[in-house]
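One structure is given here, and the rest of the page talks about it.
There are 2 protein chains.
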Amino acid sequence: MTTQDEPVRRATAGGGRLLRPSAKVLPEHARVHNRSLVLQTLYGSGQQSRADVARSTGLTRVTVSDLVAELMEDGLVVELGRREAAPSENVHRGKPAILLDIDRAAFHIIGIDLGDYFVFRGAVLDLGGHILQRAEVALDGSTGDAASVKAFALIERLLGQATAPILGIGVGSPGIVDDAGVVLSAPNLGWVDELLQASIAARFSLPVVVVNDANAAVLAEHSFGDAEGDTMLVKVGHGVGAGLLLGGVQLFGSRFTAGEIGHVVVDPDGALCSCGKSGCLETWLAIPWLDAKLAAATTSANRDAVLREAGERLGIALAPVVGALGLTEIVLSGPYLDGPLAEAAATTLRARTMAAPGSDLTLRMTTLGDDIVLRGAAVAVLSKQLGFS
Amino acid sequence: MTTQDEPVRRATAGGGRLLRPSAKVLPEHARVHNRSLVLQTLYGSGQQSRADVARSTGLTRVTVSDLVAELMEDGLVVELGRREAAPSENVHRGKPAILLDIDRAAFHIIGIDLGDYFVFRGAVLDLGGHILQRAEVALDGSTGDAASVKAFALIERLLGQATAPILGIGVGSPGIVDDAGVVLSAPNLGWVDELLQASIAARFSLPVVVVNDANAAVLAEHSFGDAEGDTMLVKVGHGVGAGLLLGGVQLFGSRFTAGEIGHVVVDPDGALCSCGKSGCLETWLAIPWLDAKLAAATTSANRDAVLREAGERLGIALAPVVGALGLTEIVLSGPYLDGPLAEAAATTLRARTMAAPGSDLTLRMTTLGDDIVLRGAAVAVLSKQLGFS
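From first to last, the protein sequence lines are chains A and B.
Sequential numbering from 0 applies to the first sequence in numbering that gives the first Met the number 0.
Sequential numbering from 0 applies to the second sequence in numbering that gives the first Met the number 0.
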């Protein structure tokens, strides 16, 4: 602001509240932040020289060299050898630069998906999010503590399969999960205020992060899929949930309930839902409902009609969300969605929303298949342990 | 992370993308950030000693004293005199502390509301967001450049009414406004890619911030009203728009279209809207539509039915948004909304959404009346000029 020569007046009474009172920033925070920035840059692009990293991050070469030395000591960054230089470069600039990369094999991550109704699935992944080993444990209808015990057994088995130090354990759980990894509510597993993150951490003495499974899925889609812009990932399984990623930032809601669209009523004259209301989105879209309707459909035309109706209901429910958030992309994950269902949802959505200037709304299937939650849980570990915010 | 003694393995190929690659943080950023933090603390609570500010911010007393000296030089902070001390305090702690506050009268802000269909309204406000002077200019159907000229004339008149240095000019405009204050599209005013912020700044040589009017309104509700938690402010005028404030952070969308709910179709069999679709939310809720329907209603029961139907449509459109975002509060701003319309909207919303654990959804009228956009535009100036993020 411009400086003013006006005399200072007596202050009047009355306060006000402004946006986001944030915490103090101290110089030592800068180092931690910049370390993550170097890691992120290498993670995203790989194979760069110290000078490349300095250019991408805006940090000085001295700072980058210093941070890289620390990251190499921690085993996270490795030198790959010298860049193959163009002849002109040899003449003008001396020896070609040494290339750096994240050492993607130096650590393993355990990823767990608790969102399937019948089995808990898990994998050992490298830092690049590639699946190295898999395991699963049948749920056999377990709920409450018995379900937790099944999760522990799965993690134990995967830890035995890992062949590198473990960076951490990532878990995608159904239900409402808070930012301390407490599952506030997961009706299918009989969990209420289940201290899942804390109990896994205590049992295995490793860093653990527990997140909602649809939120894990949208992380995976962002990191390994093609998610761009303002994305909603709709995950259909035993229930219907969603993960939101807006301008590269995940949205959880102050009560951690963002994405809970399964029990939004789309037609009060619809079927009675387990929640007590009628015509919730889940009564058209969730697997048990679709299973039953498709089993009763005697012809392929009837089958198509069931799927199209489900897609239309999904489009009706999503249209106001697309408008309110200015979404540019809907990604679907789950069985039955590809084909007539997705087509009907896209048609309904386009008919019910105004196209944003300069953009078309995309509605598509995930490219990550059934591993989306496992891989997203691994990304959650990477984010937490490597300081990617 | 724990340090590891494992040998470093050869890195595998393949990159990935993580959340929010952010800019570097340098130590000098800390000072600017901490200066804002001190201002925010005083703005929110007022009348605090340097020691109080140190306690609230977590900064050292030396840092606070240093920043306060700078803020006093800039005329933003003023000493009010010594605190009236309790007798015991006198004995143990020597002289009572000097109280500081923002000097709320030291600067004035110009706030402008372009969202009314017939007049442009403006005010001179103090730093506390109180309205000191008002002015308005009849629009007389002006569009395009003629509308801009009316806005300039209004600002000029208000600048003549101000009696303190001007911190900045804040403008709430209808339509889609980007983060550089360009009105990308405002059909009622005939503006496309209108460089409003730049042209006002060039004309008056003052800091200017132009924001969408519903986004200004939700800022005002947050600063001066009772907005708590995850709030959507629905503003009804010639059109229908919304501002979103989630966990204290405003949501704009990557294309600046967040909150554009007016042209979401709630019933494809509804009336033909100006946008070409049928049954948009605006055909039930916007003032011209309600004016016409209420004029045709011959009895008070008919009038009630019109309002209730509009409220029901609003509830149907908002239910999926409430679910997807985990909203805890809907605030309404505009004529006709209070009474049967809001009641019907609340009833419909409750019937169509699942209550979040531990919380009830609130739907209420704003307490800020017709000044909500003016005051919100002033908050936008405060945020930009004083560095409140």
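Ideal placement from N, C-alpha and C gives every residue a C-beta, glycine not left out.
Rounded straight-line distance, which links the Cα of residue j to that of residue i
i, j, result
"residue 265 (chain A)", "residue 312 (chain A)", "7 angstroms"
"residue 237 (chain B)", "residue 280 (chain B)", "12 angstroms"
"residue 159 (chain A)", "residue 325 (chain A)", "45 angstroms"
"residue 294 (chain A)", "residue 270 (chain B)", "39 angstroms"
"residue 288 (chain A)", "residue 310 (chain B)", "31 angstroms"
"residue 74 (chain B)", "residue 35 (chain B)", "14 angstroms"
"residue 241 (chain B)", "residue 71 (chain A)", "49 angstroms"
"residue 185 (chain B)", "residue 366 (chain A)", "38 angstroms"
"residue 234 (chain B)", "residue 328 (chain A)", "26 angstroms"
"residue 316 (chain A)", "residue 29 (chain B)", "44 angstroms"
"residue 212 (chain B)", "residue 205 (chain B)", "20 angstroms"
"residue 41 (chain B)", "residue 104 (chain B)", "14 angstroms"
"residue 54 (chain B)", "residue 47 (chain B)", "10 angstroms"
"residue 116 (chain B)", "residue 187 (chain B)", "8 angstroms"
"residue 377 (chain A)", "residue 169 (chain A)", "5 angstroms"
"residue 267 (chain B)", "residue 173 (chain B)", "26 angstroms"
"residue 77 (chain B)", "residue 45 (chain B)", "11 angstroms"
Status (buried if at least 16 other CB within 10 Å, exposed otherwise) for residue i
i, result
"residue 299 (chain B)", "exposed"
"residue 162 (chain A)", "exposed"
"residue 179 (chain A)", "exposed"
"residue 301 (chain B)", "exposed"
"residue 57 (chain A)", "exposed"
"residue 61 (chain B)", "exposed"
"residue 31 (chain B)", "exposed"
"residue 248 (chain B)", "exposed"
"residue 145 (chain A)", "exposed"
"residue 147 (chain B)", "buried"
"residue 359 (chain A)", "exposed"
"residue 297 (chain B)", "exposed"
"residue 251 (chain B)", "buried"
"residue 371 (chain A)", "buried"
"residue 215 (chain A)", "buried"
"residue 112 (chain A)", "buried"
"residue 193 (chain A)", "buried"
When the options are compared against residue i, the one with the closest alpha-carbon
i, options, result
"residue 277 (chain A)", "B:68, B:39, B:349, B:343", "B:349"
"residue 381 (chain B)", "B:327, B:128, B:52, B:47", "B:128"
"residue 283 (chain A)", "A:302, A:297, A:275, A:306", "A:306"
"residue 207 (chain A)", "A:79, A:41, A:234, A:165", "A:165"
"residue 100 (chain B)", "B:51, B:228, B:212", "B:51"
"residue 332 (chain A)", "A:219, A:195, A:41, A:102", "A:219"
"residue 304 (chain B)", "B:330, B:318, B:338", "B:338"
"residue 102 (chain B)", "B:112, B:117, B:126, B:172", "B:126"
"residue 225 (chain B)", "B:239, B:362, B:262, B:258", "B:362"
"residue 286 (chain B)", "B:196, B:243, B:334, B:261", "B:334"
"residue 260 (chain B)", "A:221, A:68, A:320", "A:320"
"residue 232 (chain B)", "B:64, B:66, B:49, B:368", "B:368"
"residue 341 (chain B)", "B:79, B:353, B:228, B:364", "B:364"
"residue 379 (chain B)", "B:68, B:171, B:63", "B:171"
"residue 223 (chain B)", "B:383, B:375, B:200", "B:375"
Residue interval of the beta strand (DSSP E) (run including residue i)
i, result
"residue 332 (chain A)", "328-332"
"residue 364 (chain B)", "361-364"
"residue 314 (chain A)", "It is not in any beta strand (DSSP E) - residue 314 (chain A) instead sits in the alpha helix (DSSP H) that spans 299-324."
"residue 188 (chain B)", "Unbroken run through residue 188 (chain B): none, as it is neither H nor E."
"residue 231 (chain A)", "230-235"
Proximal residues to residue i (C-beta, below 7 angstroms), its chain only, five neighbours per side dropped
i, result
"residue 149 (chain A)", "119, 136, 138, 141"
"residue 20 (chain A)", "Low confidence applies to residue 20 (chain A): its pLDDT is 43, below 50, so where it sits in the model is not reliable, and the reading given next is rough at best. Taken in chain order, the list of residues that qualify is empty."
"residue 202 (chain B)", "151"
Residues of its chain near residue i, where Cβ-Cβ distance is below 6 angstroms and the 5 sequence neighbours each way are ignored
i, result
"residue 385 (chain B)", "38"
"residue 81 (chain A)", "95, 97"
"residue 89 (chain B)", "Legend: pLDDT at residue 89 (chain B) = 49, less than 50; position of this residue unreliable, no value from coordinates given."
"residue 343 (chain A)", "307, 310, 311"
"residue 314 (chain B)", "344, 347, 348"
"residue 122 (chain B)", "110, 130, 133, 373"
"residue 221 (chain B)", "244"
Cβ neighbours of residue i in the same chain (closer than 8 angstroms, five flanking residues each side left out)
i, result
"residue 253 (chain A)", "none"
"residue 177 (chain A)", "183, 255"
"residue 33 (chain A)", "56, 58, 62, 66"
Span of the alpha helix (DSSP H) around residue i
i, result
"residue 203 (chain A)", "195-203"
"residue 214 (chain B)", "212-223"
"residue 290 (chain A)", "286-295"
Within-9 angstroms CB hit, residue i to chain D
i, result
"residue 352 (chain B)", "The structure shown has no chain D; the protein chains it does contain are A and B."
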